[in-house]
Structure formats: structure tokens, C-alpha cells
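For the sequence shown, my numbering gives the first residue as 492, with consecutive numbering after it.
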Amino acid sequence: MISSRILEQLPFKCEEGLGLALASDDDGAVMVFHWCNKPFFQVIGLDETDVIGHRATIFVGPEMDQGVHLLTIDKLMRWEHFSVKVRLTKKNGEPVWVTMTWTPLTDPENGNRWWLCSLIELQSHPERSKKVLDFRNQSSANDLVTQYTEQIAHLESENGRLRSIAKAVTRDSNEDPLTGLSNRRHFEAKVSFWISALRKRGTAFAILYIDLDRFKTINDTLGHEAGDGLLVAVASMLKRITLNSDLVARLGGDEFVILRPLGESALEISGLADKIIREMSRPFECDGKSISCGASVGVAIADKNAKNPEDVVGDADTALYHAKSTGRARWSFFTAEMHAQSVAIRHLAAELLVACERKEFVPYFQPLVDASTGRITGVEVLVRWSHPTRGLMPPKDFLDVAAQMGIVAEIDAILFSRLSEAVTYLDTAHTEVPRFAINVSAGRLSDSALLHDIKVSGIDPKRLTVEILESVYLERNHDATSWTLEELREFGVEVAVDDFGTGHASVQGLLQIKPDVLKIDRQFVQPAAESKRARALVESLIGIGKSLGLKVVAEGVESEAQAQLARDLGCDILQGFYFGKPMAEPDLFKVLNDTKGCLWRPTSKIQQSELSINILR
Ligand code: C2E
Ligand code: CA
Ligand code: CA
């Protein structure tokens, strides 16, 4: 990596300690030692492993004068050649006075910038005079000496105070105060440094993105102090299992990252990821409490094959997301497929924003049928994205991304305004659609815009049903949600719990939401016609609805057998492809005209006794 031309610039044989450090283009003070001669190690009393791969901070010890330290950094940052007499601390704790000279070099072969650092041990220790700085090869050297000498005098007079301020400033700007790890700022600066090093010299590095699996629950249940204690414990574990040359940072919350320069193979990286998962699966002792947490890790490598090394942190985050979604306490390597997927998601996200602006969402309608008469009781309004090039897109192709972007409520609002237009059209054409059931996301339910939109829509609220997932009650904005539900009821809007049985706190959720309608998910309805166990399960779900005095809807009815069974088990309303798929407004219009609103002719009921016998069998 060090070109022959740079080495040619070194004295052939010399007594003085010489070291070469590769620096960042933007900041001369950011550098890593790549080569040193023997006298160099002897003078500062350090080994090769203490120096190579490390920064100039190897010189900073208790003996170093803080004023000299700050001025040195200043000179390095500006790429200025300078000499300084300075007291260093050897590894064994002994102080040593040296003349340290820094010379900037530019490699003519590739433009890389290097520092040549020369160390000469001073036999007679100089007085701590004001003239510790001595700038050679400077046109205005005398001026500078005067200037810096004055500054040092000033610094020394306020030595203690300045030292602590200087320390705090460098530490605060680079350090996470809770864990003492590097902070996001420092981490980002390091990533930029390594990216430019990769571009110039092909030096690869890896990013490991770590996210604790149950941190939020721990914080909520055991309190913030326990949460902080855990973060500190995790930080010290990460420090313990990493190398000195790794950078370990906390990005905020429960997110940690490791930057590892890669001389090693990818295998070594997977070893580190394994180790993190293993260590995190053990309980941590914090404040006398034993806390189990677990973590997931995403890994991405920036090497010479990387097309966009700038994306490496985002790639590691994508891999982390993948690790989390395939089950926790795992790690994933960023792959080409993930890349393609994340590009597609980003693309879709950008298109969704445009789609919101252009209001490209249209309502489709699926009939709801009265189980005893077969007549239409209403329609469920389902969103479709009328994409300019890809055609009509179902919600499964975009709602997840929209949810991650936090724009589902906006889509719901657009769809509702489209619905108002459709209702006016259908009513004017005397097409009898008694009721419209709209799907409302958690975000929209905690926002007063829903009530406002209903008020100004011109649709009679008594013809509206709001379908919500039982999980909304477990989510944020509990009070706002309760308030909206109360108001909806006041307006005369019916509330339905959607996909019942698939959520978590089923019965408890129901008691809180106090809905009018329960929609039983198709995953329970469909197998019920074939399996007795499934049938018993559906019966008990219907039983819950009936005992609370609710109307029960069977979703996903696809056959006559399923329709009859759902009706016989006590469902009031049926919905499914058997009666009609979701359709555009003109198709709904046609179907209702052709059938005169009767979509099914129910046959006579199975004897109740016969059914009980079947179930008992
Ligand atoms: P959902 O609310 O449970 O809506 C019913 C879904 O089941 C619809 O899918 C419908 O086409 C499908 N379905 C109905 N009958 C059958 C059947 O017999 N067999 C099968 N296999 N499927 C049937 P769709 O339209 O793709 O919507 C999927 C989900 O997207 C909806 O599930 C709902 O959770 C969400 N969604 C749809 N429209 C909106 C909307 O405007 N706003 C919000 N927030 N979510 C919506
Ligand atoms: Ca629904
Ligand atoms: Ca549903």
C-alpha cells in the first residue's frame, strides 16, 4: 500500500525513529500508522501491535502537555510541517522527552496523503520553557513561534481549567455520554474516512449493525434505569469481544454498530456476529437484576466489489431488518437480493409519495350478503392503487411500505374522498347499496380528521361501518383512539372488528372497543367446512360475538358449502369471492342491476341437532 516512491523519500539508514501514517484527505489529523522503523518503537517504548493500524493518539499519555496536544492537532489538521518538543509516556510508564517532527508527503503514484513522523529522543531534558514549539521550514516561522508561545503562556496560566474543558470538548463531540462508546457523529466521520480509503486503496471494511430484541419491553417494564444499565453492560461486552482496531459506537436508543477494518476473511466477520448473538443470549447482571435481552445483527461489507460503498451502513441496516423478520436472535449478511429488494422498496416509497399527491388510489367494492336472505347488506370498500405503468395494484403490494412511511392514514383519507364521489354516483343511479364498510388504520383512528371527513362527506353516517383491527387498541394513542370511537358511535357510525381471531388480546380488546360487528377471518372460516376441529373453533369465535350481542360476519367464503355452514353456525353476514370479488364502481353497478340486489339463494338450514351430533363426533 505504501508506494516505492514514498519509501524512496525516507533516509536510507538513520538513527531516528520514523513512522508513516496514512491520512484522510479532508482532515490531516485523521490518520493510521502503516509502517515504522525499529528506532521508532524503541523511542516511544511501544510494540508493533500498539502502533500499526492505530492513530496518532498512541502518543497521548498522562505526561503530554494539553496545550501542546491541541496545537499539534491544529497543525496536523492544516497539513503543516512542524516540529515540537514534547514529553511522552512509554508503555512501562516512564516519561521520555522527544523532538517530534511531522512532514506531510503526497504519493505521486496515487495522490494518497501521508505523514512522516520522526522521533528523536532528547538526552538532556529541556526545561519546560515557553519555547517548546519550533517550526522549521516556515516562511513566517518567527511570527508563529511568538503567536503560539503567547497562546501556550495563556494556556499554562489556566492549565487545569483548560485541560478539563479541552478534554470534555473532544470527548463530548465524539463520545456517547451513557456508554462511553463513539457516538453517531464520530462513527459517521470514520465511515467516510474508510470509504475514501477504500476508493483509493481498496482497503475493505465491514459494518455490523446490532439492535437489541426486547429493549423496549425491558425499558417499559423494569424502568429506564435498568434500561440504561443494560445498554452500559452491552457496550462493555462489545468492547470486550472486539479488537482495538475496531470502532464500536452507539447510534442512539438500543442501536449499536461495529466498524471493522478487513484484513481478514468474511469468515472472521461471521465469527464476530455469532459471538455477539451468543453473548447477547446470556442474561446481563445490572443493578442486582438479571436481564435477558437478545439481539439481532445485520452485516454488510464494503470492499472493492461494492458498487456504492456509501450505502454500506444502510445495507447493514437492511440486513438487520431481514434478520429480525426471519425471527430474532439471528444475523444476516447483506445480499444482492436484499439489495434489489431495498432498491425496489425505495423506488416504491418515492412513487407512493407522488401517488398521494396525484390521488392515484381508487375504491373497489366487495359485496356483503345477508346470510338468511342472500341480499346485499352493503359493500366493503377496498383500496387499489391505479399505478400509471403497472396497472391496478392490490394493497399487499404497497400497504406495508406505506405503513413504514407512516402514510396509510393519508391513503385512507384519499380513498374516503373518492368514496364520497362514488356514493353520490350510485345513489343518483338508484343503485341500492345500504352500507359502506371502510378500513381505517390505527393512525387515522387517532386523528380527528376522520370525524371531520365523515361530517363533510355528505354520506349519512348511519350508512357507514368503520373496520378496525383489534390490535389498534394495543397501539399508541390509546386516549385519542377511545375518543374517536366514542364520537363515531355518537354519529351513528357502526364499528367492526376486522380479522377477528388473528390478533392478540382478543376478548380484552373487544371489551374495550365495544364494537357492533365482528368479522371472523377467512383463515378460520375456510377450513371449517372440511375439518371438525376448525368448525369447533369457528363456532367458539361466533359464540364470543353472539354472547356480546354483536353481528357476526364470515370472511373469505368461497363455496356453497362454506356459505351454508357459516350461516348455520350463526353468522349474520357473509363475504367472499363466492358472492363477488372486489370490483370497480361500474361493475358493482352492473351486478346490482342484473341481480336486483340478491346475490345468493340460501337453501334450507341443516337441522340444529344434526349439526351438534356432527361436531361431537
Ligand atoms: P381485509 O380488510 O381483511 O379485506 C379483505 C381481503 O380479503 C381483501 O383483500 C379481499 O379481496 C380478500 N377476500 C375477500 N373475499 C375473499 C375470498 O373469498 N378469498 C380470498 N382468498 N380472499 C378474499 P384486499 O383487497 O387485497 O385487501 C387486503 C387487506 O388490505 C385488507 O384486508 C385490509 O386489511 C387492507 N386494506 C384494503 N383496503 C384498505 C384501505 O382502504 N385502508 C386500509 N387501512 N387498509 C386496507
Ligand atoms: Ca376489512
Ligand atoms: Ca378482514
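Idealized CB from N, CA, C, for every residue including glycine.
What you are looking at is a predicted structure, and each value in this text was computed from that prediction instead of being measured.
Option nearest residue i by Cα separation, candidates the options
i, options, result
"E978", "F550, W605, I945", "I945"
"R705", "D719, H545, A680, D745", "D745"
"N785", "S772, A793, C777", "Note that residue 785 is Gly in the sequence shown, not Asn. Minimum Cα distance to G785 is reached at S772."
"A520", "P885, Q557, K566, T540", "K566"
"I1033", "S1050, G1047, V1008", "V1008"
"V748", "V587, S787, E776", "S787"
"A1002", "E981, K576, S973, F1015", "Note that residue 1002 corresponds to Leu in the displayed sequence, not to Ala. Nearest C-alpha to L1002: S973."
"T597", "Y916, G544, F684, D516", "D516"
"A1122", "L537, L883, E666", "The chain is shown from 492 up to 1108; residue 1122 falls before or after that span and cannot be answered."
"G762", "T580, S911, M568, S823", "S823"
"G1047", "R1026, G1036, G1040, K1010", "K1010"
"R675", "P1077, K707, V804", "V804"
"E571", "E585, C608, D802, F991", "C608"
"I898", "A920, A933, T580, L750", "A933"
"S1022", "P879, K730, A1052, I1004", "A1052"
"V1110", "K1005, D1085, M896, A807", "A query on residue 1110 cannot be resolved here, the shown segment of the chain reaching from 492 to 1108 and no further."
"F696", "F684, D702, L703, K707", "F684"
"G949", "F907, G508, W605, D990", "F907"
Bridge partner(s) assigned by DSSP for residue i
i, result
"Y855", "L873"
"N930", "E958"
"R604", "T597"
"I686", "BP columns for I686 are empty, so no partner."
"Y700", "V748, G789"
"T590", "K576, I611"
"R741", "F747"
"S1031", "In DSSP, S1031 forms no bridge with anything."
"F991", "I1011"
"G508", "L610"
"I709", "Answer is none; I709 lacks a bridge partner."
"L1065", "V860, A1045"
"K780", "C777"
As assigned by DSSP and simplified to three states, the class of residue i
i, result
"R866", "strand"
"Y639", "The pLDDT assigned to Y639 is 48, lower than 50, so where the model puts this residue is not dependable, and the model offers no usable value."
"V559", "helix"
"G1088", "coil"
"H572", "coil"
"I898", "coil"
"Q861", "The identity of residue 861 in the sequence shown is Asp, whereas the question assumes Gln. Note: D861 maps to strand in three-state DSSP."
"A520", "coil"
"G882", "strand"
"H545", "coil"
"F824", "strand"
"D625", "Note that D625 scores a pLDDT of 43, beneath 50, so its modelled location is shaky and nothing firm can be said."
"F775", "strand"
"A657", "Confidence is the limiting factor: at A657 the pLDDT is only 44, short of 50, which leaves the residue's position unreliable, though a coordinate-based value still follows. Reduced to three states, the DSSP call for A657 is helix."
"H525", "strand"
"E985", "strand"
Ligand 1 heavy atom lying under 6 Å from the CB of residue i
i, result
"S452", "The chain is shown from 492 up to 1108; residue 452 falls before or after that span and cannot be answered."
"N674", "no"
"D888", "no"
"G869", "no"
"V788", "no"
Cβ-heavy atom distance, residue i to ligand 2, below 6 Å
i, result
"N930", "yes"
"E985", "no"
"E848", "no"
"E958", "yes"
"D989", "yes"
Proximity test, residue i beta-carbon vs ligand 3 heavy atom, cut-off 6 Å
i, result
"D1059", "no"
"D778", "no"
"D891", "no"
"E961", "no"
"E1049", "no"
"D1007", "no"
"E801", "no"
"E759", "no"
"K1010", "yes"
"E1046", "yes"
(message) Does the structure place the stretch 922-931 close enough to the stretch 951-966 that three or more beta carbon pairs sit under 8 Å?
(response) A contact is defined here as three or more CB-CB pairs under 8 Å, and the stretch 951-966 meets this definition with respect to the stretch 922-931.
(message) Can you confirm whether the stretch 706-715 touches the stretch 761-770 when touching is taken to mean that 3 or more C-beta pairs between the two stretches lie within less than 8 Å?
(response) No, the stretch 761-770 is not in contact with the stretch 706-715.
(request) Tell me, please, whether the stretch 860-873 touches the stretch 1066-1074 by the rule of three or more beta-carbon pairs shorter than 8 Å. (result) The stretch 860-873 vs the stretch 1066-1074: in contact.
(request) Determine contact between the stretch 837-857 and the stretch 817-828, defined as no fewer than three beta-carbon pairs at a distance below 8 Å. (result) Here the stretch 837-857 does not lie against the stretch 817-828, with fewer than 3 beta-carbon pairs under 8 Å apart.
(request) Check whether the stretch 573-582 touches the stretch 549-564, taking contact to mean three or more Cβ pairs, one atom from each stretch, closer than 8 Å. (result) Cβ pair count under 8 Å is three or more, so yes.
(message) Three Cβ pairs or more, each shorter than 8 Å: is that satisfied between the stretch 1023-1033 and the stretch 1056-1065?
(response) Yes, they touch.
(request) Tell me, please, whether the stretch 903-913 touches the stretch 847-866 by the rule of three or more beta-carbon pairs shorter than 8 Å. (result) Result yes; three or more Cβ-Cβ pairs closer than 8 Å.
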